[in-house]
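In order, the protein sequence lines correspond to chains E and P.
Note that our numbering has the first sequence beginning at 1, numbered continuously upward.
Note that our numbering has the second sequence beginning at 334, numbered continuously upward.
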Amino acid sequence: MGAIRLEKVKKTFGTLDVIPGVDLDINDGEFVVFVGPSGCGKSTLLRLIAGLEDVTDGKIMIDGIDVANEAPAKRGLSMVFQSYALYPHMTVFNNIAFGLKMAGESKEVINEKVQSAAKILNLTDYLERRPGALSGGQRQRVAIGRAIVRNPAAFLFDEPLSNLDAALRVNMRLEITGLHQDLKTTMIYVTHDQVEAMTMADKIVVLQAGRVEQVGKPMDLYSKPANKFVAGFIGSPKMNFLGGELAAKHGCHEIGVRPEHLVVSTESGVIPATVKIAEHLGAETYLHVQSDEFGAMTVRATGEMPLSGNDKIFLTPEQDRIHRFDAHGLALG
Amino acid sequence: MEKKQTPLGYISFSAFAWVVGLLIFFPIFWMVLTSFKSELEAVSIPPSFISFDWTLENYVEVQERSNYFKFAMNSVILAVGSTLVGLVFAVTCAWAMAFNPTKRTKDALLWMLSTKMMPPVGVLVPIYLMFRDWGLLDTRFGLIMVLFLMNLPIMVWMLYTYFKEIPTDILEAARMDGATLPKEIIFVLLPMALPGIASTMLLNVILAWNEAFWTLNLTTSDAAPLTAFIASYSSPEGLFWAKLSAASTLAVAPILVIGWFSQKQLVRGLTFGAVK
Ligand SMILES: Nc1ncnc2c1ncn2[C@@H]1O[C@H](COP(=O)(O)OP(=O)(O)OP(=O)(O)O)[C@@H](O)[C@H]1O
Ligand SMILES: [Mg+2]
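Okay, structure coming up:
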């Protein structure tokens with residue numbers, strides 16, 4: 001079991017108020033992703049849950065028991081670090097076995113558990129090697145193996161894939177998703193990567209300056225962002241924000257239109273603009289355009305578009321895809 | 334960009350290094366030579382270089398007059414003992430400073446080092462009196478305590494520098510794996526810092542072995558190490574240079590041999606972190 005509940009969790013470093021107070025519910029078996037800009041406190045929040053940092057105030061409940069003052073080991077959680085943090089002086093076998101040894105398991109149990117974890121993670125041939133003799137992907141698998149064998153209530157991942165190259169990252173992403181489907185254990189995953197967040201999460205938590213901006217299913221955040229910050233943060237390229245008369249016509253302070261929800265025409269439309277740069281990716285085309293009224297905008301069009309710099313175009317927002325915001329940046333229904 | 338080394342520059346650098354090396358080595362070389370001379374030849378002017386009557390009489394006499402092995406045994410016990418006791422304190426201290434630093438950690442480190450700048454003679458009288466009152470004079474235990482305290486700042490400094498190089502993540506991983514603090518230190522930190530710990534221990538053994546101020550002032554016979562053995566050969570009258578040289582050669586020989594075999598380790602440890 002691994003239901004985690006944060007109640008008014010606060011963290012200050014000296015005078016720096018990093019987490020002013022977070023409430024969050026994570027259900028057993030859920031895959032939760034923390035996203036947010038750099039320095040917003042994602043790692044700090046994860047480390048508070050892990051017990052690697054002490055909370056300044058508040059409760060951390062795991063399956064109904066407050067563990068805020070327990071040592072990390074007592075919480076029954078496993079963590080996978082961005083740097084892998086393998087023990088360089090131990091073989092892969094001993095790296096994976098370390099937690100079991102600390103728990104005082106018998107030799108047979110340790111051997112059995114390590115072998116079965118190694119089998120799941122394709123590490124059987126590397127058990128006698130040191131971490132120094134492994135590739136980045138293999139090291140990450142050892143780190144995951146070390147987390148699995150302890151049979152934790154929840155896994156905590158802090159940007160586990162950011163040291164890997166793009167191709168490997170896709171593979172490992174699928175492996176972790178597969179692992180979650182097999183184990184059905186709660187996972188909390190911190191990432192910078194939009195794609196990871198959207199594809200892996202059951203639930204995304206968007207953080208800014210230590211505050212939870214919105215919690216929800218990936219597609220809910222995409223289609224119904226609660227405020228301008230979430231609207232701008234989820235989705236790539238970023239949403240366009242347009243004010244002025246156009247917004248007034250929609251009865252709000254500002255409207256938001258995603259780059260993929262702008263229709264391009266060379267003859268007529270709502271917003272006249274000039275193409276600055278056209279990026280042709282084959283399957284889609286990114287247009288970086290300049291409009292007299294709204295400044296720089298981004299358009300994401302499907303397929304090939306025979307456009308290049310200085311071409312005049314017209315953009316029209318898809319009516320039912322317009323997000324409306326008030327003067328405080330909050331979304332209007 | 335690194336400048337390319339010209340052959341001329343290389344040669345002059347090497348020559349300079351050799352000159353410095355020979356200058357440092359010469360006194361030791363001269364001491365060894367003198368130990369094989371007769372007392373008369375040892376003080377003759379001009380000094381004879383190689384062409385003298387090589388003799389072992391000094392070594393024989395030194396052996397007869399005093400028990401080298403008793404002194405050597407004391408040296409070993411004091412050097413190793415103070416190093417082991419020091420290690421227990423220095424490892425825990427450096428762990429706290431490297432992995433749980435506070436605003437005052439740097440100040441504490443500097444303060445520790447500053448105690449090494451004070452001349453030991455400044456605290457000789459109080460320490461002597463304390464030793465006398467507590468019955469610690471001329472005991473190995475007392476000397477181990479003094480030597481370990483004298484070298485503790487250096488041990489903490491060295492270990493702190495090595496520990497700083499170890500990523501905190503790895504220790505945190507051990508914590509997540511359920512390691513208690515002692516286990517985290519013994520099974521994860523120490524093995525990773527092994528080169529640094531080895532060179533810290535070596536340096537400390539050498540420093541303790543060569544320490545002469547406290548060993549001479551606080552011992553008379555029971556706990557007297559090789560420094561006292563050497564000192565006993567200087568006398569206010571008569572010729573003693575050759576015998577003194579023989580005694581000194583015997584005293585430095587063990588540590589020279591250890592140093593020779595561990596020089597690779599020492600250099601690696603002392604330059605740890607300088608190159609990746
Ligand atoms: N031990 C610490 N002492 C003081 N300040 C800290 C400490 N750890 C983190 N902070 C501060 O807390 C804030 C949040 O840091 P945190 O590492 O949680 O951010 P993050 O969201 O994980 O960022 P990133 O995406 O760059 O990893 C930052 O401003 C950071 O400087
Ligand atoms: Mg982080």
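Glycine residues also receive a C-beta, built at the ideal position from the N, C-alpha and C atoms.
query                                                                                                                    : result
8 Å Cβ cutoff, A607(P) in contact with chain E                                                                           : Reliability fails at A607(P), whose pLDDT of 42 lies under 50, so the model's placement of it is uncertain and the value that follows must be treated cautiously. Taking Cβ atoms only, chain E never reaches closer than 8 Å to A607(P), which makes this a no.
Where the alpha helix (DSSP H) containing S265(E) begins and where it ends                                               : Looking at the DSSP string, S265(E) is not in any alpha helix (DSSP H); the run it does join, the beta strand (DSSP E), is 262-265.
I503(P) at chain E interface by Cβ criterion, 8 Å                                                                        : yes
Straight-line gap, G455(P) to V352(P) (C-alpha atoms, nearest Å)                                                         : 37 Å
8 Å Cβ cutoff, A167(E) in contact with chain P                                                                           : no
For K609(P), three-class secondary structure by DSSP                                                                     : For K609(P), the predicted model reports a pLDDT of 32, less than 50, meaning its position is unreliable and no value from the coordinates is stated.
Straight-line Cα distance separating V55(E) from G333(E)                                                                 : 36 Å
Closer than 7 Å: T56(E) CB and nearest ligand 1 heavy atom                                                               : no
Whole-angstrom distance between T388(P) and W363(P), CA atom to CA atom                                                  : 15 Å
Closer than 7 Å: S162(E) CB and nearest ligand 3 heavy atom                                                              : Questions concerning ligand 3 fall outside what the structure shown contains, since the ligands it does hold are ligand 1 and ligand 2.
K449(P) and P486(P) closer than 8 Å at C-beta                                                                            : yes
Exposure of N537(P), with buried meaning 16 or more beta-carbon neighbours within 10 Å                                   : buried
Positions along the region 81-108 of chain E whose CB lies within less than 7 Å of some CB in chain P                    : F81, S83, A85, Y87, P88, H89, F98, G99, M102, A103
Short CB-CB distance (under 8 Å) between A50(E) and chain P                                                              : yes
3-residue-minimum beta strand (DSSP E) runs that sit fully inside the region 189-253 of chain E, ordered along the chain : 203-208, 211-216, 240-242
Below-8 Å beta-carbon distance, G511(P) vs any chain E residue                                                           : yes
CB contact below 8 Å: P486(P) versus chain E                                                                             : no
8 Å Cβ cutoff met for G2(E) and A154(E)                                                                                  : yes
Cross-chain neighbours of K516(P) in chain E, by beta carbon under 7 Å                                                   : M102
Whole-angstrom distance between D182(E) and M172(E), CA atom to CA atom                                                  : 15 Å
Given L315(E) as reference, the closest of G309(E), V289(E), G303(E), I176(E) once Cα atoms are compared                 : V289(E)
Residues near L457(P) by beta carbon distance below 7 Å, same chain, minus five either side                              : N550
For L613(P), three-class secondary structure by DSSP                                                                     : The question about residue 613(P) has no answer, for chain P in this structure spans 334 to 609.
L446(P) CB to nearest heavy atom of ligand 1 below 7 Å                                                                   : no
Limits of the unbroken beta strand (DSSP E) element including F13(E)                                                     : 4-13
8 Å Cβ cutoff, A73(E) in contact with chain P                                                                            : yes
Shell residues, 5 Å Cβ cut-off relative to heavy atoms of ligand 1                                                       : F13(E), V18(E), S38(E), G39(E), C40(E), G41(E), K42(E), S43(E), T44(E)
Contacts that V393(P) makes with chain E (C-beta to C-beta distance below 7 Å)                                           : What V393(P) touches in chain E: nothing, since even the nearest Cβ is about 50 Å away.
Short CB-CB distance (under 8 Å) between S116(E) and chain P                                                             : no
C-beta contact flag for R300(E) and P218(E) at 8 Å                                                                       : no
is_contact[A506(P), chain E] using C-beta, thresh 8 Å                                                                    : yes
Meets three-Cβ-pair contact criterion under 8 Å: the region 521-531 of chain P and the region 369-376 of chain P         : no
Bridge partners - V585(P), DSSP secondary structure assignment                                                           : None, per the DSSP bridge assignment.
Closest by C-alpha distance to M305(E), when choosing among L174(E), P131(E), V275(E), V18(E)                            : V275(E)
Neighbourhood of Q138(E) by C-beta, 8 Å cutoff - its chain only, sequence neighbours within 5 removed                    : L123, Y126
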